[in-house]
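Trainee: Using the UniProt record's numbering, the letters of the sequence shown map in sequence onto residues 1 to 335.
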Amino acid sequence: YEGVSATVTFAAKHGSQDLADLEDDLQLVLLDDQGQKLSADLWSADKLAEGKTGTYNAKLVVGKAGTYQVSVYYRKGGGTALYAPIQGLKSAQLVVTADPNAKLHGSFTADKTGLSSVIIGDATDLHLKILSEAGSFVSGLADKLTLADLSDVKFEQDTGEYKAHFAAKGRQPGRYVLKPLYNNKAMAGADPLTITISQNLPEQSKITLSLAKPHLVVPEQNDELTISILDAKGKAVPGLGNQIELSAEPAGLVLGTVTDAKGTYKATIKAAKKPESYLITAHVAGRSASIKLAVLGEDPKHLQASFTRAPLGNIAVGQDVQLSFAISKDSKPYE
1 YEGVSATVTF AAKHGSQDLA DLEDDLQLVL LDDQGQKLSA DLWSADKLAE
51 GKTGTYNAKL VVGKAGTYQV SVYYRKGGGT ALYAPIQGLK SAQLVVTADP
101 NAKLHGSFTA DKTGLSSVII GDATDLHLKI LSEAGSFVSG LADKLTLADL
151 SDVKFEQDTG EYKAHFAAKG RQPGRYVLKP LYNNKAMAGA DPLTITISQN
201 LPEQSKITLS LAKPHLVVPE QNDELTISIL DAKGKAVPGL GNQIELSAEP
251 AGLVLGTVTD AKGTYKATIK AAKKPESYLI TAHVAGRSAS IKLAVLGEDP
301 KHLQASFTRA PLGNIAVGQD VQLSFAISKD SKPYE
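#1: Pair every Cβ in the region 209-221 with every Cβ in the region 139-151, then say whether three or more of these pairs are closer than 8 Å.
#2: Assign A84 to buried or exposed, taking buried as 16 or more other Cβ atoms, counted over all protein chains shown, within 10 Å of its Cβ.
#3: Taking all protein chains shown into account, do 16 or more other C-beta atoms lie within 10 angstroms of the C-beta of G106, making it buried, or fewer, making it exposed?
#4: Using the rule of at least 16 other Cβ atoms within 10 Å of the residue's Cβ for burial, across every protein chain shown, is D111 buried or exposed?
#5: Do you know whose CA, among L279, A310, A289, lies nearest V295's CA?
#6: Using only the alpha-carbon positions, how far apart do V321 and G313 sit?
#7: Less than 9 Å between the beta carbons of I26 and S91, yes or no?
#8: Which residue wins for smallest C-alpha separation from D125, given the options G51, F137, S139, F108?
#9: Report the three-state DSSP secondary structure of N57 (helix, strand or coil).
#10: Assign S116 to one of two classes, buried (16 or more other C-beta atoms within 10 Å of its C-beta) or exposed (fewer than that).
#11: Quick check for students: name the residue ranges of the beta strand (DSSP E) that lie wholly in the region 197-257, counting only runs of 3 or more.
#12: Between the Cα of A168 and those of Y176, E161, Y162, spot the shortest distance and give me the residue it belongs to.
#13: So what's E156 in DSSP terms, helix, strand or just coil?
#14: Throw me the rounded Cβ distance for the L60 and L38 pair, which I believe falls under 8 Å.
#15: Please list the terminal residues of the continuous beta strand (DSSP E) segment that includes P180.
#16: By the 10 Å Cβ neighbour count, where 16 or more other Cβ atoms means buried, how is V317 classified, buried or exposed?
#17: Helix, strand or coil for D125? Go by DSSP, reduced to three states.
#18: Give me the Cβ distance between I197 and A282, rounded to the nearest whole Å; I'm assuming they're in contact under 8 Å.
#19: L48 to Y56, Cα distance in whole Å?
#20: Could you give the DSSP three-state label for E276: helix, strand or coil?
#21: Beta-carbon separation of S328 and L303 under 9 Å?
#22: Tell me Y265's beta-bridge partners as DSSP assigns them.
#23: V96 to E2, Cα distance in whole Å?
#24: Nearest CA to the CA of K13: which residue from A65, L89, A248, Q69?
#25: Taking just the CA atoms, how far does A134 sit from Y182?
#26: Below 8 Å on the Cβ atoms is my contact criterion, and I expect P180 with L128 to pass it. Report the Cβ-Cβ distance as a whole number of Å.
#27: Tell me whether L22 sits in a helix, a strand or coil according to DSSP, three-state version.
#28: Can you tell me whether A49 is helix, strand or coil according to DSSP?
#29: The beta strand (DSSP E) with H165 in it runs from where to where?
#30: Given this structure, state the Cα-to-Cα distance separating N184 from A190, to the nearest angstrom.
#31: Can you give me the C-alpha to C-alpha distance between L293 and E276, rounded to a whole angstrom?
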């Protein structure tokens with residue numbers, strides 16, 4: 001379509017060998033139906049960039065409807081040599097049609113329609129499918145898609161659809177009507193969505209975390225995290241299971257889904273492969289609580305430890321003392 005980008009892929013081979021590092025010696029060329037180069041003010045293209053070895057890609061945009069031939073020229077020897085057609089290379093035909101807006105048909109959905117303004121990271125993905133008059137997916141429209149009155153939400157092309165991320169953070173509680181537009185115009189079938197952002201969680205809640213095991217031995221063990229949420233009177237607050245977000249620093253732990261049993265929240269923590277001290281944090285109602293978990297990589301009963309102080313004997317006030325704590329296994333240092 002006019003003004004919509006198309007991706008051009010060019011594979012360079014010599015026999016069965018892929019030819020790499022030709023980016024600076026390749027030029028994308030667009031020819032009209034008479035075989036003449038198209039005027040530069042009617043089209044634009046990125047420089048061909050190498051992705052997979054021997055495969056070069058570029059995005060091409062044409063501003064006028066018509067039938068064109070896409071080709072690649074090569075500059076043998078580099079430097080100031082002129083680009084020339086590649087012998088035996090067959091051009092690819094590109095048909096550009098007029099603005100498709102009137103013929104596009106879309107569908108618009110969201111993973112969640114209810115968000116909370118006080119839940120850290122509460123958000124939903126938006127899914128927009130755009131089909132041509134013939135019913136096939138229309139690609140390359142991401143930079144022309146917007147949400148009415150919400151300029152901060154951007155669409156990106158995904159497999160067979162366009163996706164956007166709508167977050168509660170930074171927005172006031174209330175009803176938001178999300179209306180997708182292509183070239184600032186609505187599309188048939190892509191009906192607006194209503195998403196409600198609320199702020200109705202208990203105030204003055206106290207969050208505490210506990211672990212069934214203070215440490216894990218990788219890779220055999222899992223742990224169970226218990227999250228206690230009490231109101232101002234010390235009573236358990238139920239119904240918050242889907243509003244608790246877990247995080248861990250550094251990355252490596254696998255954090256399970258939070259379950260709710262009458263106000264007692266639990267989640268399975270799967271051991272990381274790398275020995276480390278991890279900080280697990282639960283976020284809810286704009287507050288958070290944390291607990292440390294040690295992943296050891298070795299059962300402590302297999303290790304030996306020694307603790308020493310230098311100098312030995314009595315010391316004077318203000319004298320420096322060096323403390324050493326060593327861990328070994330089979331008489332060898334254990335790191």
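Glycine is no exception: its CB is placed at the ideal position from the N, C-alpha and C atoms.
Mentor: Taking the coordinates as given:
#1: Between the region 209-221 and the region 139-151, the count of C-beta pairs closer than 8 Å stays below three; the two stretches do not touch.
#2: exposed
#3: By the 10 Å Cβ count, G106 comes out buried.
#4: exposed
#5: L279
#6: Rounded to whole angstroms, V321 to G313 spans 11 Å at the Cα level.
#7: Contrary to the premise, residue 26 reads as Leu rather than Ile in this sequence. In this structure, S91 does not lie closer than 9 Å to L26 by Cβ.
#8: The residue with the shortest Cα to Cα distance from D125 is F108.
#9: Strand.
#10: buried
#11: For secondary structure counted as the beta strand (DSSP E) over 3 or more consecutive residues, the region 197-257 holds these complete runs in sequence order: 206-211, 222-230, 245-249.
#12: Residue Y176 is the option with its Cα nearest to A168.
#13: strand
#14: Their Cβ separation, rounded to whole angstroms, is 11 Å, which puts L60 and L38 out of contact at 8 Å.
#15: Residues 180-182.
#16: exposed
#17: strand
#18: Between A282 and I197 the Cβ distance is about 21 Å, and since that is not below 8 Å, they are no contact.
#19: L48 and Y56: Cα-Cα distance of roughly 6 Å.
#20: strand
#21: yes
#22: I227, D260
#23: 6 Å
#24: L89
#25: 18 Å
#26: About 5 Å separates the two Cβ atoms, so the contact holds.
#27: Coil.
#28: strand
#29: 161-167
#30: For N184 and A190, the gap between their C-alpha atoms comes out near 13 Å.
#31: 8 Å
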